[in-house]
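Student: Numbering (the working numbering), first residue to last: 20 to 398.
Even glycine gets a Cβ: it sits at the ideal position worked out from N, Cα and C.
First the structure, which I've put down as structure tokens, then a few questions once you've had a look.
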Ligand SMILES: Cc1ncc(COP(=O)(O)O)c(C=O)c1O
């Protein structure tokens, strides 16, 4: 018998309620029925992003909205600051490069969070920087960056906006966009939003919309002004991924039913249990000082082949965990706990980790990780 489980930080496992809704017959996106769904989605997204502003929805993976946050905010000759502490931080730089935007990188050691003083220093010494691009949660390293504090720094610069890739942050931990003054927040559907890949999201405050007004970089599909105009009419500019919108209506309903605070607490607990479990096995966290609650990046112990371990998860148990990317390849595995995950899901993946490590010859006491997790999960 074969059963499969996703423990990758996107795509993630989906609630049956969402799957069932998406399995219904397709409707037309210019019908009143779809407009009603769209209208409900707009309200649900404002709740999830903790904003009064509209949240734009694009039919694309998360990178689409990231690209839009460069092409719609900046103008030719503008300069950016990019927090580069992993694969996704690097992506901000690659997008800037594609649009001919010069950027100052702040290179952060993988596994560490950004040093706020460096951001402050760069912004104060170079007044031509118009946007700071960062992640709230850097999925490739398992790090959480201090975006609240970054917003406080950027707020002092009238002509600079903070753009937060919260693709593995939204619906995982508290990121109150309006309260913290995050100028732009980006998300993607296949993470804590409990949907398949295929939708990206961008929310902008008034400061950021003023940047959009004067932006002269080329744009077509990801045209924020055009999308906003249509959003206000409960329409999308082009044919949307209709089934995903229907699923989104349901996943937003589920999130509201649980309540944002409870959602954050659940993620906090699952993350704490996973971290405690791997430490109890004598393993080290890749991001010990500032771990995100979206996933746990674990260093593969000496003498164990990390790629083989990741493969065995799937071969023996049908479990997909993520491997390390680039310089972390073979050195870490990443266990996700964002979205539709509950206490016993973590027990399962930790138990599988124990059985595999035992089989691979790593010395530890079987059950120690599960016990450490249980102790936290019972609280
Ligand atoms: C933090 C972060 N940013 C950006 C992306 C890219 O999103 P996508 O693969 O949906 O384009 C991901 C996806 O894993 C992510 O985790």
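Give me the residue from 352, 326 and 132 with the minimum Cα distance to residue 315.
Tutor: Taking the chain shown and counting its residues from 1, the one referred to as residue 315 is at position 296. That would be 352, whose Cα lies nearest to the Cα of residue 315.
Student: Are residue 271 and residue 64 close, meaning C-beta to C-beta below 8 Å?
Tutor: Numbered from its first residue, the chain shown carries residue 271 at position 252. Numbered from its first residue, the chain shown carries residue 64 at position 45. Yes; because the gap between Cβ atoms is below 8 Å, this pair is in contact.
Student: Within 10 angstroms of the Cβ of residue 163, are there 16 or more other Cβ atoms? Answer buried if so, exposed if not.
Tutor: By one-based count along the chain shown, residue 163 stands at place 144. Residue 163 comes out buried.
Student: Pick from 302, 337 and 106: whose alpha carbon is nearest that of residue 325?
Tutor: One-based indexing of the chain shown puts residue 325 at position 306. When each option's Cα is compared against that of residue 325, the closest is 302.
Student: Is the distance from the Cβ of residue 18 to the Cβ of residue 26 below 8 Å?
Tutor: What is shown of the chain runs 20 to 398, which leaves residue 18 out entirely.
Student: For a quick check, are the C-beta atoms of residue 123 and residue 145 less than 8 Å apart?
Tutor: As a working mapping, residue 123 is identified with position 104 in the chain shown. As a working mapping, residue 145 is identified with position 126 in the chain shown. Yes.
Student: Identify which residue in 319, 175 and 200 has its Cα closest to the Cα of residue 182.
Tutor: On the chain shown, position 163 is the one that residue 182 refers to. Per the Cα distances, 200.
Student: Got a sec, what are the start and stop residues for the alpha helix (DSSP H) residue 67 sits in?
Tutor: Position 48 of the chain shown, counted from the start, is the residue given in the question as residue 67. Note, residue 67: alpha helix (DSSP H), 51-68.
Student: Do residue 28 and residue 306 come within 8 Å of each other at the CB atom, strictly closer than that value?
Tutor: Working through the chain shown from its first residue, we reach residue 306 at position 287. Working through the chain shown from its first residue, we reach residue 28 at position 9. Contact: no.
Student: Quick check on the DSSP output: the alpha helix (DSSP H) that includes residue 139 runs from which residue to which?
Tutor: Position 120 of the chain shown, counted from the first residue, corresponds to residue 139. Unbroken alpha helix (DSSP H) run through residue 139: 135-144.
Student: In the DSSP output, which residue or residues are listed as bridge partners for residue 156?
Tutor: As a working mapping, residue 156 is identified with position 137 in the chain shown. Paired residues: 163.
Student: From 275, 334, 366 and 219, pick the residue whose C-alpha is nearest to that of residue 83; which is it?
Tutor: Here residue 83 corresponds to residue number 64 of the chain shown, with the count starting at 1. Comparing Cα-Cα distances from residue 83 to each of 275, 334, 366 and 219, the minimum goes to 219.
Student: Return helix, strand or coil for residue 345, following the three-state DSSP convention.
Tutor: Mapped onto the chain shown, residue 345 falls at position 326. Correct three-state label for residue 345: helix.
Student: In whole angstroms, give me the CA-to-CA distance for residue 362 and residue 286.
Tutor: Here residue 362 refers to the residue found at position 343 when the chain shown is read from its first residue. Here residue 286 refers to the residue found at position 267 when the chain shown is read from its first residue. For residue 362 and residue 286, the distance between alpha carbons rounds to 10 Å.
Student: Kindly indicate the opening and closing residues of the alpha helix (DSSP H) around residue 424.
Tutor: This structure gives no information on residue 424, because the portion of the chain shown stretches from 20 to 398.
Student: Look at the Cβ atom of residue 190, then the Cβ atom of residue 74, and state whether they are nearer than 8 Å.
Tutor: Sequence index remark: in the chain shown, residue 190 carries index 171 (1-based). Sequence index remark: in the chain shown, residue 74 carries index 55 (1-based). For residue 190 and residue 74, no; Cβs fall outside 8 Å.
Student: Would you list the residues sitting across from residue 281 in a DSSP beta bridge?
Tutor: Taking the chain shown and counting its residues from 1, one reaches residue 281 at position 262. Residue 281 is not bridged to any residue.
Student: Can you tell me whether DSSP reads residue 98 as helix, strand or coil?
Tutor: Locating residue 98 in the chain shown gives position 79, where the first residue counts as 1. Three-state result, residue 98: strand.
Student: I need the straight-line Cα distance from residue 36 to residue 148, nearest angstrom please.
Tutor: In the chain shown, the residue the question calls residue 36 occupies position 17. In the chain shown, the residue the question calls residue 148 occupies position 129. Straight-line Cα distance between these residues: approximately 45 Å.
Student: Between residue 157 and ligand 1, is there a pair consisting of the residue's CB and a ligand heavy atom that are separated by less than 7 Å?
Tutor: As a position in the chain shown, residue 157 is number 138, starting the count at 1. Yes - ligand 1 has a heavy atom lying nearer than 7 Å to the Cβ of residue 157.
Student: Is it true that the CB of residue 179 sits closer than 8 Å to the CB of residue 151?
Tutor: Residue numbering aside, residue 151 sits at position 132 when the chain shown is read from its first letter. Residue numbering aside, residue 179 sits at position 160 when the chain shown is read from its first letter. Their beta carbons are under 8 Å apart, which means residue 151 touches residue 179 by this criterion.
Student: Does the beta carbon of residue 403 fall short of 7 Å from some heavy atom of ligand 1?
Tutor: Since the first and last residues shown for the chain are 20 and 398, residue 403 lies out of range.
Student: Residues in the same chain with beta-carbon distance under 6 Å from residue 126, minus the five sequence neighbours each way, listed in chain order, please.
Tutor: Counted from its first residue, the chain shown places residue 126 at position 107. Cβ neighbours of residue 126 beyond the five flanking positions: 103.
Student: Please name the residue or residues paired with residue 132 in a DSSP beta bridge.
Tutor: As a first step, residue 132 must be located in the chain shown, where it is residue number 113. Residue 132 is not bridged to any residue.
Student: What do you get for residue 209, buried or exposed, if any count of 16 or more other CB atoms within 10 angstroms of its CB means buried?
Tutor: Residue 209 sits at position 190 when you count from the first residue of the chain shown. Per the 10 Å Cβ criterion, buried.
Student: Name the one or two DSSP bridge partners that residue 216 has.
Tutor: Numbered from 1 along the chain shown, position 197 holds the residue referred to as residue 216. In the DSSP output, where bridge partners are listed per residue, residue 216 has none listed.
Student: Apart from the five residues on each side of it in sequence, which residues of its chain come closer than 6 Å, Cβ to Cβ, to residue 57?
Tutor: Stepping through the chain shown from its first residue, residue 57 is reached at position 38. For residue 57, where only same-chain residues beyond five positions count, the Cβ hits under 6 Å are 253.
Student: Considering only their Cβ atoms, is the gap separating residue 309 from residue 159 smaller than 8 Å?
Tutor: What you label residue 159 is simply residue 140 of the chain shown in a count that begins at 1. What you label residue 309 is simply residue 290 of the chain shown in a count that begins at 1. Their beta carbons are not under 8 Å apart, which means residue 159 does not touch residue 309 by this criterion.
Student: Is residue 80 near ligand 1, with its Cβ less than 7 Å from a heavy atom?
Tutor: The count along the chain shown starts at 1 and reaches residue 80 at position 61. It does: the Cβ of residue 80 is within 7 Å (strictly closer) of some heavy atom of ligand 1.
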